[in-house]
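**Student:** Before anything else, here's the structure in question.
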Amino acid sequence: MWDFSTDPEYQEKLDWAKTFVREEVEALDLLFPSGGDPYDVGNAASRAILRPLQEQVKAQGLWACHLGPELGGPGYGQLKLALLNEILGRSYWAPTVFGTAAPDTGNAEILAMYGTSEQRERYLRPLLDGDIVSAFSMTEPQAGADPKEFVCRAWQDGNEWIIEGEKWFTSNARYAEFLIVMVVTDPDAAPSRRMSMLVVPAETPGIEIVRNVGTMEDHESLDEGIHGYIRYNRVRVPVDAMLGAPGEGFKVAQSRLGGGRVHHAMRTVGRCTRAFDMMCERALSRRTQGERLADKQAVQAFIADSWIELQQYRLLVLHTAWVIDTQPHGAARTQIAMCKVAMAKVYHDIVRRAVHLHGSLGVTTETPLAAMWMSVPSLALADGPTEVHRTTIARQKLAEYAPAPGLFPTEHLPPKLEAARERYREILAAYGAA
Ligand SMILES: Cc1cc2nc3c(=O)[nH]c(=O)nc-3n(C[C@H](O)[C@H](O)[C@H](O)COP(=O)(O)OP(=O)(O)OC[C@H]3O[C@@H](n4cnc5c(N)ncnc54)[C@H](O)[C@@H]3O)c2cc1C
-9 MWDFSTDPEY QEKLDWAKTF VREEVEALDL LFPSGGDPYD VGNAASRAIL RPLQEQVKAQ
51 GLWACHLGPE LGGPGYGQLK LALLNEILGR SYWAPTVFGT AAPDTGNAEI LAMYGTSEQR
111 ERYLRPLLDG DIVSAFSMTE PQAGADPKEF VCRAWQDGNE WIIEGEKWFT SNARYAEFLI
171 VMVVTDPDAA PSRRMSMLVV PAETPGIEIV RNVGTMEDHE SLDEGIHGYI RYNRVRVPVD
231 AMLGAPGEGF KVAQSRLGGG RVHHAMRTVG RCTRAFDMMC ERALSRRTQG ERLADKQAVQ
291 AFIADSWIEL QQYRLLVLHT AWVIDTQPHG AARTQIAMCK VAMAKVYHDI VRRAVHLHGS
351 LGVTTETPLA AMWMSVPSLA LADGPTEVHR TTIARQKLAE YAPAPGLFPT EHLPPKLEAA
411 RERYREILAA YGAA
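For the sequence shown, the numbering used here assigns the number -9 to the initial residue and increments by one for each residue that follows.
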């Protein structure tokens, strides 16, 4: 059955969220605009505004909508989450206000699936309550897109694991209560069995933040960004700090990365919609050569192309969410990769057109477009570069096909024509068409 409607009760919640984000949450984006602000649990002023907003979200039953009831969420599923996330995508702070901010969402899933009861009590509960934040430490200075190149090691010494090595771009490490670190535990094993995952309290001796790397989005000085370049200097954690079995690091990582990618994709629908709304308002407001920008064919092409691309992308994301909800685990893998690739392109194209239509104002820091434009490159890199996901899509699609059995393709027309003639030989002969 195909059905594109939203149930009226949930639509009411979405309508509430839409107004709430615009009227209440976007103020936080303006007052605390830095990339790390939503994660800075030590900032008393931002928390004083945040807490009552989070209470309103909880009262609406919209807190931590990515989670099932066993973890304190409503268990709406991915499709309903997608509809909510496209509203939250408008605002940088909204995911924190609604308890769905990355990377905490994925880290919570890992802890729920693989953590001991003690780890869940110590980390998962306060994480789900929004009292602490966490970091995911996977990428290394010499390698990111290909985890087989990772060298940060851990080895067992009595009742402890010892971690030695460097990690790059561990987002929010400076604010985190704990880090989930991917380490090589068996360098001689097959690549997919080399790595393991450890949960490491942030205060553990030996964790050295070499630098807090900034991005072009944050405009911060060299050491004031939020992406930790970390050196693990023989950091010791107990043996039960391992999440999953030794050698299961890839499996554990996959259990969080798929969800993270599709949640980014959902929020990107919201960011693109915001840029599109701005584009349309501008086209109707600005005049040149005696008419509105909206009356120029070139501008109309911008608007039509943007709308088509946005709607294609939105349907892809919603369909992917539906596949995750309704089909066995893993069935959405190709679609998630498609969302990831499409996200970077659609976002780039729509934001670029919106900036261009706003003329000089578009390149100032006086509209949300500046921050959107500066985040274009990140979207094509974070959670794996576009090229890697294209390869995933192509490999999976190609696996559904086989080479042509003979010299010519199976769609080669001469033998097909011959077969059609043969099939209808008598009728064709009766009508003199043979
Ligand atoms: C905003 C942001 C936040 C991030 N947060 C985290 C985090 O919290 N934790 C964490 O561990 N990491 C994080 N990352 C790192 C992210 O996972 C990596 O940037 C990503 O995996 C790519 O790795 P890399 O940067 O080392 O690029 P590289 O691996 O060096 O790739 C660079 C380029 O090489 C090309 N390339 C790579 N592989 C292929 C291929 N197979 N085929 C063709 N071309 C290829 C592509 O053009 C690619 O863009 C974050 C990144 C960003 C931008």
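For every residue, glycine included, the Cβ atom is placed at its ideal position computed from N, Cα and C. This structure is a prediction, so every number in the text was calculated from the model and none was measured.
Measure the C-alpha to C-alpha separation of G58 and A231 and round it to an integer number of angstroms.
**Tutor:** For the purposes of this step, residue 58 is identified with residue 68 of the sequence shown, where counting begins at 1. For the purposes of this step, residue 231 is identified with residue 241 of the sequence shown, where counting begins at 1. Cα to Cα, G58 sits roughly 25 Å from A231.
**Student:** Nearest-angstrom Cα distance between P195 and V11?
**Tutor:** As a working note, residue 195 is residue 205 in the sequence shown. As a working note, residue 11 is residue 21 in the sequence shown. Roughly 40 Å between the two C-alpha positions.
**Student:** Determine, using beta carbons only, whether V336 comes closer than 8 Å to chain B.
**Tutor:** Annotation note: the requested chain B is absent from the structure, which comprises a single protein chain.
**Student:** Hey, would you say the C-beta of V366 is under 7 Å away from at least one heavy atom of ligand 1?
**Tutor:** Taking the first residue of the sequence shown as 1, we reach residue 366 at position 376. Checking every heavy atom of ligand 1 against the Cβ of V366, none is found closer than 7 Å.
**Student:** V171: beta carbon under 7 Å from a heavy atom of ligand 1?
**Tutor:** Translated into the one-based positions of the sequence shown, residue 171 becomes position 181. Checking the Cβ of V171 against ligand 1 gives no.
**Student:** How about G215 and V229: do their beta carbons lie closer than 8 Å?
**Tutor:** On the sequence shown, position 225 is the one that residue 215 refers to. On the sequence shown, position 239 is the one that residue 229 refers to. Against a cut-off of 8 Å, the Cβ pair of V229 and G215 comes out as no contact.
**Student:** Taking only the alpha-carbon atoms, compute the straight-line gap between S427 and V341 and give it to the nearest angstrom.
**Tutor:** For the chain, the structure presents residues -9 to 424; residue 427 sits outside this window and is missing.
**Student:** If you count every other CB in all the chains shown that lies within 10 Å of the CB of M328, and 16 or more means buried, which is it?
**Tutor:** Here residue 328 is taken as the residue at index 338 of the sequence shown, counted from 1. Under this definition M328 is a buried residue.
**Student:** With the cut-off set at 8 Å, would you say R304 and N75 are in Cβ contact?
**Tutor:** Against the sequence shown, residue 304 aligns to sequence position 314. Against the sequence shown, residue 75 aligns to sequence position 85. Against a cut-off of 8 Å, the Cβ pair of N75 and R304 comes out as no contact.
**Student:** Measure the C-alpha to C-alpha separation of A125 and T160 and round it to an integer number of angstroms.
**Tutor:** The sequence position of residue 125 within the sequence shown is 135, counting from 1. The sequence position of residue 160 within the sequence shown is 170, counting from 1. Using only the alpha carbons, I get a separation of about 6 Å.
**Student:** Using the C-alpha atoms, what's the distance from E299 back to E334?
**Tutor:** One-based indexing of the sequence shown puts residue 334 at position 344. One-based indexing of the sequence shown puts residue 299 at position 309. Note that residue 334 is Ala in the sequence shown, not Glu. Roughly 12 Å separates the two Cα atoms.
**Student:** Just to confirm the assignment: which complete beta strand (DSSP E) runs, minimum length 3, are found wholly within the region 153 to 213?
**Tutor:** Fully enclosed beta strand (DSSP E) runs of 3 or longer: 168 to 174, 185 to 191 and 197 to 203.
**Student:** How far does the alpha helix (DSSP H) with V345 in it extend, from its first residue to its last?
**Tutor:** What you label residue 345 is simply residue 355 of the sequence shown in a count that begins at 1. Element bounds for V345: R323 to L347.
**Student:** Let's see if you can read the secondary structure: which residues bound the beta strand (DSSP E) around V225?
**Tutor:** Walking along the sequence shown from the start, residue 225 turns up at place 235. H217 to P228 is the span of the beta strand (DSSP E), which, as asked, contains V225.
**Student:** Considering only their Cβ atoms, is the gap separating V141 from E130 smaller than 8 Å?
**Tutor:** Residue 130 sits at position 140 when you count from the first residue of the sequence shown. Residue 141 sits at position 151 when you count from the first residue of the sequence shown. Yes, the pair counts as a contact, with Cβ atoms nearer than the cut-off.
**Student:** From E198 to Y222, what distance separates their C-alpha atoms?
**Tutor:** Here residue 198 is taken as the residue at index 208 of the sequence shown, counted from 1. Here residue 222 is taken as the residue at index 232 of the sequence shown, counted from 1. Whole-angstrom Cα-Cα distance: 6 Å.
**Student:** In angstroms with no decimal places, state the Cα-to-Cα distance between P358 and Y165.
**Tutor:** As a working mapping, residue 358 is identified with position 368 in the sequence shown. As a working mapping, residue 165 is identified with position 175 in the sequence shown. C-alpha separation (whole angstroms): 25 Å.
**Student:** State the CB to CB distance for the pair Q325 and V313, rounded to an integer number of angstroms; the pair is presumed to be in contact (CB under 8 Å).
**Tutor:** As a working note, residue 325 is residue 335 in the sequence shown. As a working note, residue 313 is residue 323 in the sequence shown. Confirmed, about 6 Å.
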